[in-house]
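Numbering (the working numbering), first residue to last: 400 to 763. Beta carbons: idealized from backbone N, C-alpha and C, even for Gly. Below you'll find the structure, written out as structure tokens, and then a few comments.
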């Protein structure tokens, strides 16, 4: 590093990775726009070390900040500096030499290597809430990296991306619908034994009936709206509904008693899949609104043939060529068929869906 005549300074901590110095700084959000002035994504792919900015992601992230003003959290941005920098330690002691001030020359170019969407979203959020400007985000700076080196850093940082499973995300979420579905499970000895709270893709050997993600979607179908003022009362209603279904559906009872696994049920039947759970949620919505004797009505569920081989009931609805289909159409058509066995009248919209389904089958 050389002396910098004029530049931007940050409190910084110096570290070493792979024999290379790097710096972690605390950057006020309002200064991000001043630092990252160059949009590298405008360059041809061979001349940059960053993907093209996906503008559709920006509103989602900025809304997350604004809607969680007192609880949002971001990991560090990673950037590379092409130009002069100077690190001034606070002293000569072992630890003092690693703490100090990093100054970046005004003529230096700073490239975001990881976090371009977070950066863009923060700048967008600042337009709506300038008070965010005094808050901070950590930035990791690498100095003096060539384009090939920056491209390698980008590749390495994205080498092993692991997206958080949707079930685990819901389990850790604090939104009303997430609080509702996880409380339904945590407060139920029966459901806590049947619902996997971390994994959405349940393998053949899984003992669990369905995932938390599936239960969450199905429980949302039970109610018109779930919000801060309703979810606690709805927890009792939903728990009662799902526990009752476990009681009346024989295969679910077998899974609960550990006489068969959820994986074994999924191999042969349709009712240990998200699409069927959501369909039962649709049915439950009507029952809870219109049928005071819904517990008696749902006893008919035990007589339904839930087998995948039952082509008369499920083929083209939630089973296509022997494989399960998970879509909104499949969910609605499956719900219609379940309503048939429970003698529940279809709405005008549902009748139209059934007519389309029948006509499509006749034209094959």
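Rounded distance between the beta-carbons of residue j and residue i, thought under 8 Å
i	j	result
residue 605	residue 595	7 Å
residue 439	residue 449	5 Å
residue 409	residue 501	5 Å
residue 650	residue 628	So it is not a contact: roughly 36 Å between Cβ atoms.
residue 690	residue 696	6 Å
residue 599	residue 565	5 Å
residue 435	residue 511	6 Å
residue 653	residue 659	5 Å
Beta bridge counterpart(s) of residue i as assigned by DSSP
i	result
residue 479	510, 541
residue 488	499
residue 444	Note: residue 444 sits in no beta bridge, so no partner.
residue 413	422
residue 536	426
residue 704	Answer is none; residue 704 lacks a bridge partner.
residue 406	504
residue 359	The chain is shown from 400 up to 763; residue 359 falls before or after that span and cannot be answered.
residue 722	719
residue 714	718
residue 668	706
Among the options, nearest to residue i - alpha-carbon criterion
i	options	result
residue 666	751, 552, 708	708
residue 655	751, 645, 630	645
residue 556	671, 475, 509	475
residue 416	550, 438, 539	539
residue 620	742, 675, 558, 698	675
residue 421	544, 452, 659	544
residue 462	419, 520, 410	520
residue 686	622, 558, 612	622
residue 498	613, 728, 412, 517	412
residue 616	697, 730, 586	730
residue 437	711, 478, 598	478
residue 425	696, 742, 532, 441	532
residue 551	697, 657, 447	447
residue 678	639, 522, 493, 724	724
residue 634	671, 750, 586	586
residue 513	451, 471, 751	451
residue 430	746, 529, 588	529
residue 682	733, 756, 728	733
residue 444	546, 527, 472	546
residue 698	473, 742, 493, 525	742
residue 680	752, 618, 719	618
residue 657	700, 607, 624, 636	607
residue 562	597, 549, 553	597
residue 720	728, 710, 727	710
residue 493	728, 754, 414	414
Contact set for residue i: own chain, Cβ-Cβ below 8 Å, skip 5 residues either direction
i	result
residue 507	406, 480, 481, 482, 483, 484
residue 400	Summary for residue 400: the model assigns pLDDT 47, below 50, so the residue's position carries little reliability; its value from the coordinates is reported in the next sentence. Cβ within range, chain order: 483, 484, 485, 486, 542.
residue 744	738
residue 495	488, 489
residue 602	662
residue 672	609, 613, 665, 717, 723, 725
residue 516	452, 453, 456, 457, 460
residue 534	427, 428
residue 626	575
residue 590	583, 584, 614, 638, 641, 642, 645
residue 518	431, 435, 476, 511
residue 527	461, 465
Other residues of its chain near residue i: CB distance less than 6 Å, five sequence neighbours each side excluded
i	result
residue 630	575, 578, 579
residue 712	736
residue 705	668, 669, 670
residue 553	448, 512
residue 748	none
Close-in-space but distant-in-sequence residues of the same chain around residue i (CB under 7 Å, 5 per side omitted)
i	result
residue 693	686, 687
residue 775	A question about residue 775 goes unanswered here, because the residues of the chain that appear run from 400 up to 763.
residue 592	655
residue 432	522
residue 524	461, 464, 465, 531
residue 549	448, 479, 510, 512
residue 752	731, 732, 735
residue 740	699, 703
is_contact[residue i, chain C] using C-beta, thresh 8 Å
i	result
residue 709	Given the protein chain composition of this structure (a single chain), no chain C is represented.
ask   = Is there contact between the region 562-570 and the region 459-468, where contact requires at least three CB pairs shorter than 8 Å?
value = Fewer than three Cβ pairs drawn from the region 562-570 and the region 459-468 lie within less than 8 Å of each other, which leaves the two stretches out of contact.
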